[in-house]
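Peer 1: Position 207 of the sequence shown, counted from 1, bears residue number 207 in this note's numbering, the numbering being contiguous throughout.
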Amino acid sequence: DGEEMISVYDKKEDCCGCTACEHICPTNAIKMTPDEEGFVYPVIDQELCIDCGKCRKVCPFQNEIDVEKRLDNPLVYAVKQKDEKIRMESTSGGVYTAISNLTLDKAGSIYGVKFDENFKVIHSKANNSYERDKFRGSKYIQSDLKDTFVKIQNELRRGQDVLFTGTGCQVAGLRKFLVDTKTDIDRLITNDIICHGTPSPLLWDDYLRFVQKKNKLTSYTFRYKEKGWHGYNVRAEFQNGKSRTNSSDLKIYANLFSSNLALRPSCYNCKFANLNRPSDIMIGDFWGIEKTMPEIDDNKGISLVLINTDKGKIVFDKIKENLEVWESNTRDCLQPNLIEPTKKPPKRDQFWQDYYQKGFEYVAK
């Protein structure tokens, strides 16, 4: 009958894959489906769609995000764990462990990102420190959220304390989903990370196959710290007991990541690559600390912490005693992705064309 197909977004740059639309749809008409680059997008089953428009209203890219009790200006701190062991097991200064301990102490649930048994990157739930520790350490792939938003909604409705950590767009999507479904978020703490953009899970799968040709992985770290905190030190351990750090085959994916050629299209158009964060607390590496406070940079990792809301401030005041804390300001902590999104490289289309025609190993070389 010539009716127009209904879509959640107009162009791919406007969809960050956060799943809010999938879960708010009253008829379950939306399924997150990977495109040819391996990024998931909402696909609407037109038979089931009742054209209610909720999916478009919940989208964090197309709507303003209202953050309750936001501070006029974020409070900025450089932070490291007093416990050296925790800090060495963390990507930067170990502040995530302190934030998440607070929720664990209240018997709450923590949602974060880990490698599953096949090294796929997924959002998962932890109720103890053993499971939580799998969320530590950076993973430079877009995580599969599955039904995390719905699980959190159910826990909040049961009166549970919940901590959610993800990228800015994931936090914004969760916030919008909970507000639009009239879920009380008093007991939710949101924590976002400074994000440079998320590369394709498809390329990560290819890379995993490539590095496991001879031997299966048993552990993988993007930011191995024994050689110091600055820069990417990729380390992998294999089933035959061998391990490698920064070998050229291991570095392939980190190099792809830093080339910016394979990031999700919305990352070049990110609404959250600024100081106006959608979270209670933002954490990341305090790059530039060697210039602004060289006396505290021992090359073992310093966290940058931005407190954005009253709730974030309460959390931070409670965890301070386990941390060494230095006050900073928004000027001294500015890194590129706190100012603007990563720029789309002119050769991105060429990269994908080469990938489709000649395969992963060709683009890797």
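All C-beta atoms, glycine included, are put in the ideal place defined by N, C-alpha and C.
What you are looking at is a predicted structure, and each value in this text was computed from that prediction instead of being measured.
(1) Is the stretch 100–115 touching the stretch 196–206 in the sense that three or more CB pairs, one from each, lie closer than 8 Å?
(2) Report yes if the CB atom of Asp161 is closer than 8 Å to the CB atom of Lys106, and no otherwise.
(3) Is DSSP giving Ala262 helix, strand or coil here?
(4) Nearest CA to the CA of Cys25: which residue from Asp249, Asp51 and Glu68?
(5) If we call anything under 8 Å between Cβ atoms a contact, is Ile30 one with Cys16?
(6) Assign Lys271 to one of three DSSP states: helix, strand, or coil.
(7) In the structure shown, what three-state DSSP assignment does Trp326 receive?
(8) Figure out for me which residue from Thr342, Gly284 and Lys125 has the closest Cα to the Cα of Leu104.
(9) Could you check the C-alpha separation between Val73 and Lys54 for me, to the nearest Å?
(10) Applying the 10 Å Cβ sphere with the 16-neighbour rule, what's the burial state of Ser100?
(11) Cβ of Lys244 within 8 Å of Cβ of Ala236?
(12) Thinking just about the alpha-carbon of each residue, which of Tyr130, Val58 and Gln212 is nearest to the one in Val179?
(13) If you run the structure through DSSP and keep just helix, strand and coil, what is Val179?
(14) Here's the rule I'm using: 16 or more other beta-carbon atoms within 10 Å means buried, otherwise exposed. How should Lys82 be labelled?
(15) Taking only runs that begin and end inside the stretch 49–136, name each unbroken alpha helix (DSSP H) of 4 or more residues, in chain order.
(16) Identify the continuous beta strand (DSSP E) that holds Leu163 and give its terminal residues.
(17) Quick check on Gln353: buried or exposed, where buried means 16 or more other Cβ atoms within 10 Å of its Cβ?
(18) Leu163 to Pro278, Cα distance in whole Å?
(19) Please name the residue in Thr97, Asp66, Leu71 and Lys69 whose C-alpha comes closest to that of Lys80.
(20) Taking the continuous alpha helix (DSSP H) assigned at Gly284, which residues delimit it?
Peer 2: Looking at the atomic coordinates:
(1) no
(2) yes
(3) coil
(4) Asp51
(5) no
(6) coil
(7) strand
(8) Lys125
(9) For the sequence presented, residue 73 should be read as Asn rather than Val. Each residue's Cα considered, the two are about 32 Å apart.
(10) buried
(11) Sequence inspection shows Arg at residue 244; the Lys mentioned does not correspond to that position. Yes. Within cutoff.
(12) Val58
(13) helix
(14) exposed
(15) 54–58, 84–88, 95–105 and 129–132
(16) Val162 to Thr167
(17) exposed
(18) 14 Å
(19) Thr97
(20) Per DSSP, Gly284 belongs to no alpha helix (DSSP H); it is in the beta strand (DSSP E), Ile281 to Asp285.
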